[in-house]
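Comments concern the structure below.
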Amino acid sequence: MDTTVVPTDSRAGSFLLSTFILLGIAWIVYFCRIYTRIYIVRGIFPEDYFITIGMTSLTIFAAMVPVQTSHGGGAHFLNIPNPEYNIPRWGHAFFIAQQMYVVTLFGVKMSIAFLLLRFSASKALDWTLYGVAGVTTGLTIAFTLWLTFQCSPVAAQWDTSIEGVCVSRDAYVDSVYILSAFSAATDIITAIAPIFVLRNLTLDQKSKWSAAITMGLGSVACIATIVRFKFIRDFSISTDVTYAMVHLSIASFVEVALGCICASLATLRPFLQGFLVRNQRGELLGEEEAEPPGIEVSACYDEAHKSWDTQETVEEDELIPATRKYSGV
Numbered sequence: 001m002d003t004t005v006v007p008t009d010s011r012a013g014s015f016l017l018s019t020f021i022l023l024g025i026a027w028i029v030y031f032c033r034i035y036t037r038i039y040i041v042r043g044i045f046p047e048d049y050f051i052t053i054g055m056t057s058l059t060i061f062a063a064m065v066p067v068q069t070s071h072g073g074g075a076h077f078l079n080i081p082n083p084e085y086n087i088p089r090w091g092h093a094f095f096i097a098q099q100m101y102v103v104t105l106f107g108v109k110m111s112i113a114f115l116l117l118r119f120s121a122s123k124a125l126d127w128t129l130y131g132v133a134g135v136t137t138g139l140t141i142a143f144t145l146w147l148t149f150q151c152s153p154v155a156a157q158w159d160t161s162i163e164g165v166c167v168s169r170d171a172y173v174d175s176v177y178i179l180s181a182f183s184a185a186t187d188i189i190t191a192i193a194p195i196f197v198l199r200n201l202t203l204d205q206k207s208k209w210s211a212a213i214t215m216g217l218g219s220v221a222c223i224a225t226i227v228r229f230k231f232i233r234d235f236s237i238s239t240d241v242t243y244a245m246v247h248l249s250i251a252s253f254v255e256v257a258l259g260c261i262c263a264s265l266a267t268l269r270p271f272l273q274g275f276l277v278r279n280q281r282g283e284l285l286g287e288e289e290a291e292p293p294g295i296e297v298s299a300c301y302d303e304a305h306k307s308w309d310t311q312e313t314v315e316e317d318e319l320i321p322a323t324r325k326y327s328g329v
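With the first letter of the sequence shown counted as 1, position 233 gets the number 233 in UniProt numbering; the numbers rise by one all the way through.
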């Protein structure tokens, strides 16, 4: 008589919560980015198109999460009711989510690479970033094809009632390791790149550090990538796939969502500068009586360098032009 006790806990709730909180934050930051480009910088650049691709695929990735959880994702495999109906639908949603992970990763990596390229003044760095973009494109195509055609026919991946031939789980896990290693390597490159971008610019040390941190934000997702390695291993040795896969899926979503968020945060310097200047001006206007006669603090947008700058003038009609050579992104 089988006395095996199957746990009844589920990871579905944490899967849904983490997914949609991060998706909401990602969209808020993305809209701030687009607002900055259209109304402050007044220009759309290649990296903005790539991050839009990333945000679109991230949203589709998120949309697959409730589909997975409603068909057993997050529950222990032996607890899933009517497995003949639910498991294929869970597997199909997971299949789509995997594809969207790869496409989102592509959008994030390309967006960061093209952002850094726009400020690079070094041929060596240019070629390094072009190399990152080229390898990213090649691996995206390769992994998309690999994930799609793991089984023949393709539907055999999620529908076990279909007779087909599939690659081994070890081969699948190895491919996930390779993609994660590539992701971590490019994160390290894009974390170091701002040092070379900024070293030849005429900036004080404080401004250089500020700009380097801002431009290097896109590499923060490297932390999630490293954590993801542990969950890849856990999945590789588990037979409870619908339960074990959740932590790997959460880590994957956190990785690409953080990538989208940080890649967009790196472009918000003009937006934040303008916001701070307006707040400071409002405070000064509220203390108008305390101002020395003839002194006015004003906010000016410099079209040449695409930046907000604060100016002090002795006379109202003698505005000092903004002279900052670097104005953020």
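Built from N, CA and C at the ideal position, the CB exists for glycine as well. These numbers were taken from a predicted model, which means no experiment stands behind them.
Looking at the backbone, the Cα of K230 and that of N82 are separated by about 31 Å. Of all alpha-carbon atoms in V241, D240, S252, the one lying nearest the alpha-carbon of A224 is that of S252. Bridge partners of C166 according to DSSP: C151. Assignment of H76 by DSSP, reduced to helix, strand and coil, places it in the coil class. A direct Cα-to-Cα measurement between V167 and N79 gives close to 27 Å. When C-alpha distances from V103 are compared across V256, H247, A63, the shortest belongs to V256. Listed in chain order, the non-local C-beta contacts of V176 below 6 Å within the same chain comprise I232, local neighbours out to five positions each way being set aside. When Q273, I261, T69, I178 are compared, the shortest CA-CA separation from I21 is found for I261. With contacts defined by Cβ atoms closer than 7 Å, V108 and G24 do not form a contacting pair. Here the C-alpha atom of L248 lies approximately 6 Å from the C-alpha atom of R228. Taking the CA atoms as reference points, F31 sits about 29 Å from F95.
H76 and T267 have their alpha carbons spaced roughly 42 Å apart. Residue state for G24 is assigned as helix, using DSSP reduced to three classes. Leaving aside the five residues that flank A155 on each side, the residues in its chain whose CB is nearer than 6 Å to its CB run, in chain order, I162. Counting along the chain, the unbroken alpha helix (DSSP H) around I232 starts and ends at 222 to 236. Cα atoms of W209 and P194: separation of roughly 10 Å, rounded to the nearest angstrom. At least 7 Å separates the beta-carbon of S57 from that of M110. Between A263 and I51, the CB-CB gap stays under 7 Å.
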